[in-house]
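The structure appears right after this line, and notes come after that.
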Amino acid sequence: MGSQGPARSMATSGDLSVGNSKSFSFDELYEITGGFSRDKLLGEGGFGCVFKGTLGDGREVAVKQLKGGGGQGEREFQAEVEIISRVHHRHLVSLVGYCISEDHRLLVYDFVANDTMHHNLHGRGRPVMDWPTRVKIAAGSARGLAYLHEDCHPRIIHRDIKSSNILLDDNFEAQVADFGLARLAENDVTHVSTRVMGTFGYLAPEYASTGKLTEKSDVFSFGVVLLELITGRKPVDSSRPLGDESLVEWSRPLLNRAIDEQEFEELVDPRLDGNYDDVEMFRVIEAAAACIRHSAARRPKMGQVVRILDSLTLNDVDLTNGVQPGKSQMFNAANTADIRQFQRMAFGSQDFSSSEYTQSKASLSGRRDL
1 MGSQGPARSM ATSGDLSVGN SKSFSFDELY EITGGFSRDK LLGEGGFGCV
51 FKGTLGDGRE VAVKQLKGGG GQGEREFQAE VEIISRVHHR HLVSLVGYCI
101 SEDHRLLVYD FVANDTMHHN LHGRGRPVMD WPTRVKIAAG SARGLAYLHE
151 DCHPRIIHRD IKSSNILLDD NFEAQVADFG LARLAENDVT HVSTRVMGTF
201 GYLAPEYAST GKLTEKSDVF SFGVVLLELI TGRKPVDSSR PLGDESLVEW
251 SRPLLNRAID EQEFEELVDP RLDGNYDDVE MFRVIEAAAA CIRHSAARRP
301 KMGQVVRILD SLTLNDVDLT NGVQPGKSQM FNAANTADIR QFQRMAFGSQ
351 DFSSSEYTQS KASLSGRRDL
């Protein structure tokens with residue numbers, strides 16, 4: 001990377017902008033990343049490499065160099081950047097600017113200091129992540145994803161939700177990264193992708209097999225993230241016994257048991273050593289089970305997931321004077337409908353009233369579909 005010389009930028013100054021983002025010259029980004037030096041490399045992914053840099057005003061940024069120039073011309077790239085630049089949410093990494101230079105396409109983001117959920121949860125030698133922190137990460141990342149799905153126009157489907165795309169700040173508040181990159185990497189953005197993009201272990205079954213993409217594909221991937229937080233396991237672990245390498249497949253029977261019998265021991269990360277609230281754990285398990293259902297139509301919307309997880313984070317503030325509330329006290333009436341729907345999803349109930357999730361009794365056949 002470091003041997004790559006600067007190229008003349010199509011945008012030679014920083015006074016141009018698209019949406020709320022600044023246009024950087026290639027020379028500027030080349031300089032602040034030390035010539036895209038390996039010493040500045042933060043990570044590599046399916047969309048490209050990320051380098052750390054510091055702007056002239058001292059602001060730390062992460063510069064993502066898209067592979068193959070992003071696959072788009074200048075006009076299409078700018079159109080997609082404009083959409084992403086207008087997306088602002090405390091649980092989404094903010095886009096600072098962009099660069100178009102000959103065949104190069106680069107994006108500049110705010111730098112988030114505390115690495116990724118994947119690093120903090122799975123990294124060798126890392127301290128055990130406690131349960132309240134895991135709940136905070138789950139709730140924050142759910143809010144960010146729900147904003148993309150339900151509050152952005154046009155809506156944004158992430159396509160690559162995973163623990164390494166959830167960045168953590170100094171307070172372990174989650175910020176979802178890389179949203180919108182799938183749009184920048186393809187010319188055609190429809191509900192059916194010409195090329196499946198994502199990470200093995202997180203892909204929804206219908207997306208992996210047919211390429212059909214909806215918000216529910218992201219919901220499945222988020223369910224895998226919840227399983228990581230619950231179990232402490234990676235989505236795919238080749239060191240596990242044959243048949244147990246996939247977190248989703250390994251967890252399905254244990255999710256059934258946890259929901260039926262409220263028996264968590266086999267499922268929950270042993271490093272937690274039982275230090276978690278049983279009611280909270282049960283709700284997060286229900287949410288994970290609903291998110292990873294085979295049927296995309298029967299997975300919840302992210303807004304529903306947010307309401308459930310937000311109700312858990314209320315425990316960060318002691319509203320009970322130290323007295324642990326019972327189940328009936330912990331969740332208020334506003335959450336009741338969501339909780340009941342999660343229970344129906346997780347248990348595979350046939351009596352759905354919502355038109356979105358309604359399926360015939362014949363198609364369900366009384367069978368669990370976790």
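Numbering (full-length UniProt numbering), first residue to last: 1 to 370. Glycine included, each C-beta is placed from N, C-alpha and C at the ideal position.
Separation of T231 from S37, as counted between CA atoms: 36 Å
Alpha helix (DSSP H) segment containing S85, residue limits: 74 to 85
Top-ranked residue by Cα proximity to I156, from I259, V81, L309: V81
Identity of the residues DSSP links to F47 by a beta bridge: Per DSSP, none; premise fails for F47.
Cβ contact check for the stretch 257 to 264 and the stretch 280 to 288: 3 or more pairs under 8 Å: yes
Reference C291; option with closest CA among A113, D218, A258: D218
Inter-stretch contact at 8 Å, needing at least 3 Cβ pairs: the stretch 168 to 178 / the stretch 114 to 124: yes
Counted within 10 angstroms of its Cβ, other Cβ atoms place E74 as buried (16 or more) or exposed: exposed
8 Å Cβ cutoff, E206 in contact with chain C: Going by chain labels, chain C is absent from the structure shown, which holds only one protein chain.
Environment of A289 [buried if 16+ CB atoms lie within 10 Å]: buried
Reference L148, options R271, V61, R90, V224, closest by Cα: R90
Whole-number beta carbon distance between L66 and R105, since they are thought to touch under 8 Å: 4 Å
8 Å Cβ cutoff met for G97 and F26: no
Beta-carbon contacts of V224 that lie in its chain and below 7 Å, excluding the five residues immediately before and after: G201, Y202, P235, L247, V248, I292
Range covered by the alpha helix (DSSP H) that runs through K136: 131 to 150
Inter-residue CB distance, V61 and G53 (contact presumed, cutoff 8 Å): 5 Å
Integer-rounded CB distance, given that E173 should sit under 8 Å from G140: 5 Å
Local Cβ density within 10 Å of T190, reported as buried at 16 or more and exposed below that: Only weak support is given to the placement of T190: the predicted model assigns it a pLDDT of 43, under 50, and the value that follows is read from those uncertain coordinates. T190 comes out exposed.
Counterpart residues of I166 in DSSP-defined beta bridges: V176
Proximity test, R299 beta-carbon vs the ligand HEM heavy atom, cut-off 7 Å: This structure lacks the ligand HEM, and indeed carries no ligand of any kind.
Close beta carbons around A296, own chain, < 6 Å, minus the five adjacent residues each side: E206, K216
Integer Cβ distance of F220 from L92, believed to fall under 8 Å: At roughly 20 Å, the Cβ-Cβ gap does not stay under 8 Å, so F220 and L92 are not in contact.
Exposure label - D160; buried when at least 16 CB within 10 Å: buried
Helix, strand or coil at L107 according to DSSP, with G and I counted as helix: strand
Alpha-carbon spacing of D110 relative to N256, whole angstroms: 41 Å
8 Å Cβ cutoff met for V306 and A146: yes
Buried or exposed (CB count within 10 angstroms, at least 16 for buried), E44: exposed
Inter-residue Cα distance where the pair is C99 and R299: 38 Å
R59 burial status per 10 Å Cβ neighbour count (16 or more: buried): exposed
Rounded C-alpha distance that separates E286 from L227: 11 Å
Between the CA atoms of D278 and L254 - distance to the nearest angstrom: 16 Å
Start and end residues, beta strand (DSSP E) containing K22: 21 to 23
Per DSSP, cross-strand counterpart(s) of G97: K22, V108
Identity of the residue in E76, T210, I84, V135 nearest residue 390 by Cα: Residue 390 lies beyond the range of the chain shown here (1 to 370); nothing can be said about it.
C-beta contact flag for L309 and A177 at 8 Å: no
Per DSSP, the bridge partner or partners of E60: T54
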